[in-house]
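The next block holds one structure in the form of structure tokens; read it before the comments.
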Amino acid sequence: MMSDPRKKNRPNQPRTGLLLLTACVIIGVFFAFRSPLHAFYWFSGLGFGYVLQKSRFCFTAGFRDPHLLGSTIITQSVLIALGLTTIGFTIIKYAYVLLSLPIPGMDYIHPIGIYTLLGGILFGVGMVVAGGCASGVLMRVGDGFLIQMVVLLFFVIGSLLGVRDLPWWKSGFSLVENGIFLPDLFGWPLALGIQLFVLALLYRFAKNWEEKKMNE
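Structure representation (structure tokens):
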């Protein structure tokens, strides 16, 4: 009986893994002495990367699979994750309001314009063609996929060009200068309810879509 040629004995693999794990811990400790926040980022990134790699969780598949395969399992998972993070971040941000402290993350509310739509379309098409979004590309680079290394290179180049040209887009093509923050428009409870309601509708639509495709 012939063995699978893809399964090779790698006696050095456990040793290499142990060395990499030790290096990751040492780097994390180094960050901790310089900045606990950077150490948190480091270990969180390692943890998220491990979970993504082992679970094969991919945001791209959440948008691609319903059209190509008819499956919305990952889409439903993404929507559940968005719902949970919506509740969590609402609690954190509202706690700052109760303490009369500046709300964290407000710097990420940007103007909205035609470039928002164009960027979304370009990114959506690009991540399906490339086979991954930002996290998916990084995960597959770690897996050793050469094509994803090329994708990562152009991802970085595109990001740099985007940062350079963003002020020009904002200055001439913005429709909502100050962006939209739902709690400012509806209050915190209603804003949370609206977002969860929309996510629930999308979740129901995803399940119906899968049932329809599976019955065809």
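Counted from 1, the sequence shown has number 98 at position 88 by this note's numbering; the numbering is strictly sequential.
The beta-carbon is built from N, C-alpha and C at its ideal position, and this holds for glycine as well.
| Asked | Found |
| --- | --- |
| If you count every other CB in all the chains shown that lies within 10 Å of the CB of N218, and 16 or more means buried, which is it? | exposed |
| Could I get the ranges of all uninterrupted alpha helix (DSSP H) runs contained in the region 50-128, with 4 residues as the minimum, in chain order? | 69-78 and 83-108 |
| How long is the line joining the alpha carbons of S145 and L78, rounded to whole angstroms? | 21 Å |
| Cβ of L192 within 8 Å of Cβ of L89? | no |
| Just to confirm the assignment, what range does the alpha helix (DSSP H) spanning S145 have? | A144 to D153 |
| Whose C-beta lies closer than 7 Å to the C-beta of M137 among residues of the same chain, with five residues either side of it excluded? | T70 and C143 |
| Since S184 is in the beta strand (DSSP E), which residue starts that stretch and which ends it? | S184 to V186 |
| Which value, in whole angstroms, describes the spacing of the CA atoms of L209 and T82? | 14 Å |
| Where are the alpha helix (DSSP H) runs, 4 residues long or more, that stay fully inside the region 16-45, in chain order? | 23-44 |
| Taking DSSP as the reference, what is the three-state secondary structure of I228? | Look at the range of the chain in this structure, 11 to 226, and you will see that residue 228 is not part of it. |
| So does the region 118-126 actually touch the region 179-193, counting three or more Cβ pairs closer than 8 Å? | yes |
| Under 8 Å by Cβ, that's how I've got G152 and Q63 pegged, so tell me the actual separation to the nearest angstrom. | 7 Å |
| Is the region 192-208 close to the region 92-101, with three or more CB pairs under 8 Å? | yes |
| Three-state secondary structure (DSSP) at E226? | coil |
| What is the rounded straight-line gap between the Cα of T96 and the Cα of F183? | 29 Å |
| Take R74 as the anchor and find which of F50, G38 and I84 has the nearest alpha-carbon. | I84 |
| Using the three-state DSSP reduction, which class does G136 fall into: helix, strand or coil? | helix |
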